[in-house]
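Working notes, beginning with the structure itself.
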Amino acid sequence: MDPKLPTTFAACAAACLAAALAGCGGPAAYDAIPTHPASGQVTVNGVPAKGAIVRLYPKSPQPGAKYPLMPSGKTDEAGVFHLTTYEDADGAPAGAYTLTLEWPDPAWRPPGGGMPPPPPDRLQGRFSDPEQSQFEVRIVEGENDIQPIVLEDVPILEGSSLSE
Amino acid sequence: MMTVVTATPPHAGRRKSPAGFTLVELLVVIAIIGVLVGLLLPAVQAAREAARRIQCTNNLKQVGLAMHNYHDTFRSLPLPDVGVSYGSAPWLSSWSLAILPQLEQSAAFDAFEPNAPNGVSDQVNQDVVGMQLSVFRCPTTPRSGLLQGIIEDQVSATFNPNLVAGTGDYFIARSYRDPAFTPSEIVGALFNGSTSVDWSQPGVRFSSITDGLSNTIFCFERSGFPDIRKRGNVQKDPSEYVYPFVVDNHFNGWWASIQHDRIRSWTYDGTQYYGPCVINCTNDWGGAYSFHPGGMQVSLGDGSVRFLGETIDKGTFRALVGKAEGEVVGEF
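If you read the sequences in order, they're chains Y and E.
Following numbering that gives the first Met the number 0, the numbering of the first sequence begins with 0 at its first residue and continues without gaps.
Following numbering that gives the first Met the number 0, the numbering of the second sequence begins with 0 at its first residue and continues without gaps.
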């Protein structure tokens, strides 16, 4: 008997099994338009804003997208954010955007006690309205470094702080 | 005299075959069995999930029919927050309590003490709130028994780890909110105000659901709350919670709690809200989420239960949540 035969069989069986299992599962696909990595940094009153949410509103329709895509990102300890359109740090579709910024404070509690609302914006909504935003961003093909967002002398929500 | 008979066996010329299998034959059989088992195992798991999903469908059906019976009795749908009146200092309770008699749980409804100072979170109501009613629990959701510890009262907003509550996976939609649309927020079926509840008014009547009952979602799944998951059923790190207070204090996720919320869109990885995904990306604040592979179940206003695929068009989903927008609902 050919001594290689059992090995061949085992390999064959394993291959069949793998092929059978490969057919199942897997994440559902979705339609996506090309995105380009983009990152930036947020500083408020000299402190890197940790946990701030940066969101980009498209100024014109994005070709291929049925609904407007609003890439967003959350800043880390250093105030650095990476934009996400579909998942992870995939960036944003190319085009012109209005950038908005809010900085929720999950530690905020109502002064009179009671049920805290959804984390309120430390910046009190000053930069969260795309209609009034002063920040403009253009995303191009390839890596994008968004100009650092430096906010000075911004009044902070009462009962909130720049840390945490 | 002895005759020696030498019997000549038939086929004497052929080599005698050995009893049993050769190694190769054995391996072939094992390999075939292995492949068959490999094919079957996922199918068995899928069949078990299908059975659980059908039970979940049935639960939503019961809830949908209970809403209809409630409407028949009271001429309006239950108010989302206050199923039972608590006088001047209301603790928010749920639509689930209000429809208990319609779910053949009259005994539980009668045992509930609506005037207890802390309402659903009062010690005297632990017998009712601690019931694990299977009609509010989706069997697909991995849960280990009762929820230990719930938010105690609304004024001090404290967490009581000694209270227990029967879990609940079905929510009603307060609204759908997504700045990709204009208006960015549209109100859900059971809400009589513009984006919230108007307690001075009766609940919503069928006649004001002008989009049609068969095109309007009553209940959707936010399974597993307050065990927060993101893509691939991976647990979210507490630092990623969008509204940590409601998670940490077990504000929802038990059937007697308020069990309603806005639905928001999310990114596909479930980390940022207002993205392209509406179903099964996270059960965090605003997420519509089930543990069913490929989609989520909803009960519609006509009492039917539909499975909505994860790939559903965002605009279609929004139109299903809204009750009077006049939006055309496509195929879903």
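Beta carbons: idealized from backbone N, C-alpha and C, even for Gly.
Predicted model, so just to flag it, every value in this text is computed and none were measured.
So residue i packs on residue j, CB below 8 Å; how close in whole Å?
i: residue 122 of chain Y; j: residue 96 of chain Y; result: That belief does not hold up - the Cβ atoms of residue 122 of chain Y and residue 96 of chain Y are roughly 19 Å apart, past 8 Å.
i: residue 39 of chain Y; j: residue 145 of chain Y; result: 3 Å
i: residue 166 of chain E; j: residue 52 of chain E; result: 18 Å between Cβ atoms; not a contact.
i: residue 337 of chain E; j: residue 124 of chain E; result: Absent from the model: residue 337 of chain E. The displayed extent of chain E is 0 to 331, so no value can be given.
i: residue 170 of chain E; j: residue 71 of chain E; result: Rounded, the Cβ-Cβ distance is 23 Å, inconsistent with contact.
i: residue 148 of chain E; j: residue 160 of chain E; result: 4 Å
i: residue 183 of chain E; j: residue 173 of chain E; result: Incorrect: roughly 14 Å between the Cβ atoms, too far for contact.
i: residue 92 of chain Y; j: residue 107 of chain Y; result: Going by Cβ atoms, the distance from residue 92 of chain Y to residue 107 of chain Y rounds to 34 Å, so no, they are not a contact pair.
i: residue 51 of chain Y; j: residue 102 of chain Y; result: 4 Å
i: residue 98 of chain E; j: residue 69 of chain E; result: 5 Å
i: residue 339 of chain E; j: residue 147 of chain Y; result: No information on residue 339 of chain E is available, as it lies outside the stretch 0 to 331 that chain E covers here.
Look at the Cβ atom of residue i, then the Cβ atom of residue j, and state whether they are nearer than 8 Å.
i: residue 321 of chain E; j: residue 63 of chain E; result: no
i: residue 225 of chain E; j: residue 203 of chain E; result: no
i: residue 323 of chain E; j: residue 210 of chain E; result: yes
i: residue 282 of chain E; j: residue 231 of chain E; result: no
i: residue 37 of chain Y; j: residue 94 of chain Y; result: no
i: residue 311 of chain E; j: residue 278 of chain E; result: yes
i: residue 189 of chain E; j: residue 76 of chain E; result: yes
i: residue 361 of chain E; j: residue 294 of chain E; result: Shown here, chain E extends from 0 to 331; a query on residue 361 of chain E therefore has no answer.
i: residue 274 of chain E; j: residue 265 of chain E; result: yes
i: residue 221 of chain E; j: residue 288 of chain E; result: yes
i: residue 304 of chain E; j: residue 59 of chain E; result: yes
i: residue 317 of chain E; j: residue 185 of chain E; result: yes
i: residue 84 of chain Y; j: residue 68 of chain Y; result: yes
i: residue 45 of chain E; j: residue 113 of chain Y; result: no
i: residue 128 of chain E; j: residue 49 of chain E; result: no
i: residue 331 of chain E; j: residue 319 of chain E; result: yes
i: residue 313 of chain E; j: residue 270 of chain E; result: no
i: residue 152 of chain E; j: residue 120 of chain E; result: yes
i: residue 101 of chain E; j: residue 42 of chain E; result: no
i: residue 248 of chain E; j: residue 180 of chain E; result: no
Between the options, which lies nearest to residue i when the distance is taken from Cα to Cα?
i: residue 55 of chain E; options: E/187, E/324, E/298, E/310; result: E/298
i: residue 122 of chain E; options: E/220, E/162, E/130, E/155; result: E/162
i: residue 149 of chain Y; options: Y/36, Y/79, Y/61, Y/67; result: Y/79
i: residue 296 of chain E; options: E/38, E/230, E/40, E/136; result: E/136
i: residue 284 of chain E; options: E/235, E/24, E/218; result: E/235
i: residue 76 of chain Y; options: Y/53, Y/67, Y/47; result: Y/47
i: residue 70 of chain Y; options: Y/43, Y/103, Y/31; result: Y/31
i: residue 100 of chain Y; options: Y/42, Y/152, Y/159; result: Y/42
i: residue 300 of chain E; options: E/313, E/208, E/199, E/269; result: E/208
i: residue 135 of chain Y; options: Y/51, Y/35, Y/58; result: Y/58
i: residue 81 of chain Y; options: Y/35, Y/115, Y/114, Y/68; result: Y/35
i: residue 227 of chain E; options: E/141, E/218, E/214; result: E/141
i: residue 159 of chain Y; options: Y/116, Y/104, Y/115, Y/151; result: Y/104
i: residue 263 of chain E; options: E/179, E/286, E/241, E/120; result: E/286
i: residue 134 of chain E; options: E/103, E/157, E/19; result: E/103
i: residue 178 of chain E; options: E/272, E/250, E/215, E/113; result: E/272
i: residue 80 of chain E; options: E/201, E/219, E/205, E/33; result: E/201
i: residue 161 of chain Y; options: Y/133, Y/44, Y/74; result: Y/44
i: residue 156 of chain Y; options: Y/132, Y/109, Y/53, Y/74; result: Y/109
i: residue 113 of chain E; options: E/193, E/101, E/93; result: E/93
Which residues in chain E have a C-beta closer than 9 Å to the C-beta of residue i? List them in chain order.
i: residue 121 of chain Y; result: None at all; the shortest Cβ gap to chain E is about 15 Å.
i: residue 118 of chain Y; result: 241, 242, 243, 244
Mind pulling the chain Y residues with CB within less than 7 Å of residue i?
i: residue 54 of chain E; result: Near residue 54 of chain E there are no residues of chain Y at all, since even the closest Cβ is about 22 Å away, more than 7 Å.
i: residue 244 of chain E; result: 115
i: residue 178 of chain E; result: 69
Run through chain E and tell me which residues come within less than 8 Å of residue i, C-beta to C-beta.
i: residue 73 of chain Y; result: 270, 271
i: residue 135 of chain Y; result: The premise fails here: residue 135 of chain Y is roughly 18 Å from chain E at the closest Cβ pair, so nothing lies under 8 Å.
i: residue 83 of chain Y; result: 266, 268, 270, 271, 274
i: residue 33 of chain Y; result: Per Cβ cutoff of 8 Å: no residues; residue 33 of chain Y is ~14 Å from chain E at best.
Residue i versus chain E: which residues are under 7 Å apart at the beta carbon?
i: residue 87 of chain Y; result: 268
Quick one, which residues of the region 289 to 321 of chain E are near chain Y if we go by CB-CB under 8 Å, in chain order? Residues of the region 289 to 321 of chain E that bring their beta carbon within less than 8 Å of a beta carbon in chain Y comprise 292, 293, 308, 309, 310, 312, 313, 314, in sequence order.
Report the residues of the region 43 to 56 of chain Y with a CB closer than 9 Å to any CB of chain E, ordered along the chain. The residues in question are 50, 52, 54, 56.
Taking only beta carbons into account, state which residues of the region 89 to 115 of chain Y come closer than 7 Å to chain E, listed in chain order. Under the 7 Å Cβ criterion, the region 89 to 115 of chain Y contributes 105, 112, 113, 114, 115.
Any residues in the region 108 to 122 of chain E with a beta carbon nearer than 8 Å to a beta carbon of chain Y? Which ones, in chain order? Only those residues of the region 108 to 122 of chain E whose C-beta falls short of 8 Å from the nearest C-beta of chain Y would be listed, and there are none.
Beta carbons nearer than 7 Å to chain E: which residues of the region 126 to 159 of chain Y have them? Per Cβ criterion, the list is empty.
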